[in-house]
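Presented below is the structure to which this report refers.
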Amino acid sequence: MDKATVDRLIKEKFVLLPPTLQRAARYAIDNPRAIALHSMRTVAGNAGLQSSAMHRLARHLGFDGYESLRNVYREWLSRSAGPFTDRATALQQRKGRDKTDTLISEMIAADSNNLHQMSNADTLAALRTAKNRLATSGHIYTVGLRSLFPAAFYFNYACSMFMRNTTLLSGTGGISFDELRHARPGDTLVIFSYEPYARDALSAARFAHEQGLHIVAITDSVISPVAPHAEALIVVENTTPSLFPSIVPVMAIAQTLVAMLVADGGRNSLGKIRKSETQLRDLQIYVQPGKSLPSGKSHHRP
1 MDKATVDRLI KEKFVLLPPT LQRAARYAID NPRAIALHSM RTVAGNAGLQ SSAMHRLARH
61 LGFDGYESLR NVYREWLSRS AGPFTDRATA LQQRKGRDKT DTLISEMIAA DSNNLHQMSN
121 ADTLAALRTA KNRLATSGHI YTVGLRSLFP AAFYFNYACS MFMRNTTLLS GTGGISFDEL
181 RHARPGDTLV IFSYEPYARD ALSAARFAHE QGLHIVAITD SVISPVAPHA EALIVVENTT
241 PSLFPSIVPV MAIAQTLVAM LVADGGRNSL GKIRKSETQL RDLQIYVQPG KSLPSGKSHH
301 RP
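For the sequence shown, UniProt numbering gives the first residue as 1, with consecutive numbering after it.
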């Protein structure tokens with residue numbers, strides 16, 4: 001059975017369903033990605049229902065339980081992402097003011113919803129698992145390629161302010177992920193990965209798993225190729241009318257993980273942050289408050 005068949009069954013059976021199951025059915029129709037990505041408890045909670053309601057809906061539709069229904073939505077989600085050309089075409093087909101005011105509103109609304117979904121129980125539990133693993137890792141390697149590189153760079157850079165055991169896997173100079181050759185069991189790989197999934201990022205995840213590393217994955221689906229390897233699987237919504245899937249949620253996850261690590265870092269972290277600030281000040285990396293930028297030109301006559 002595919003999602004189109006499920007949608008048809010829901011529409012055919014809707015008027016015969018009791019009110020509670022009608023609410024569950026309406027939620028499934030309106031939020032198919034949520035069904036694919038989240039547990040029965042989380043979905044039911046977001047719909048304002050008891051968990052049993054989602055199970056009963058699945059049985060009414062001919063499934064043996066919620067997970068069987070969810071598998072249909074997972075399969076649909078794995079095939080539903082359109083190519084970039086389709087996204088660009090949809091943007092250009094907008095008319096008049098729809099290209100400006102409405103588009104801006106939809107962009108903001110989409111990311112507001114993406115961020116709101118981060119507060120579900122599954123994501124919170126995964127964040128706690130990730131923080132605990134990172135806090136006890138021998139070394140932390142981070143990878144995020146192409147549009148997700150900013151999230152990986154931010155996470156590694158921010159952590160370097162108070163940790164001395166982080167490495168960004170950037171592939172600079174065509175060396176791919178040679179740094180992982182030095183990794184040991186007990187180290188951790190943090191990977192940011194969205195569909196379409198970058199081949200090199202997946203290769204890094206597989207290699208790290210084979211070497212006995214722990215893996216923290218920030219991705220867009222429970223059926224992501226990195227999911228089977230992850231000890232902490234943080235699934236984020238990335239819906240947007242823009243060209244690429246939104247990177248706002250992964251940036252928020254990166255910032256949240258850093259904040260959690262600092263919050264639990266104690267005096268050791270504070271000492272390293274003070275030292276980093278002193279070094280940056282001594283190196284004159286930033287313009288000091290109240291001082292203007294040097295012009296680079298002499299005001300003296302020759």
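Ideal Cβ placement from N, Cα and C applies to all residues, glycine included. Remember, it's a predicted structure, so these values are computed and weren't measured experimentally.
The straight-line gap separating the alpha-carbon atoms of threonine 167 and valine 236 is approximately 24 angstroms. With respect to the C-alpha of asparagine 156, the residue from Leu21, Asp2, Ala254, Asn31 having the closest C-alpha is Ala254.
Two segments are said to touch when three or more pairs of C-beta atoms, one from each, lie closer than 8 angstroms; by this definition the stretch 264-279 does not touch the stretch 234-251. Straight-line spacing of the CA atoms in glutamine 50 and tyrosine 141 works out to 40 angstroms. Pairing alanine 47 with alanine 24 gives a Cβ-Cβ distance under 9 angstroms. In the three-state reduction of the DSSP assignment, tyrosine 27 falls in the helix class. Close CB contacts of methionine 40 within its chain, under the 6 angstroms cut and outside five residues either way in sequence, are with Ser51, Met54, Tyr66 (chain order). For histidine 214, the beta-bridge partners assigned by DSSP are Thr188. Taking leucine 124 as reference, the option from Gln284, Thr256, Leu16 with the minimal CA-CA separation is Thr256. The alpha-carbon of alanine 135 is positioned some 45 angstroms away from that of leucine 61. Put simply, the stretch 223-237 touches the stretch 110-130. At least three CB pairs are less than 8 angstroms apart. In terms of Cα proximity to arginine 59, the closest of Tyr27, His139, Val6, His38 is Val6.
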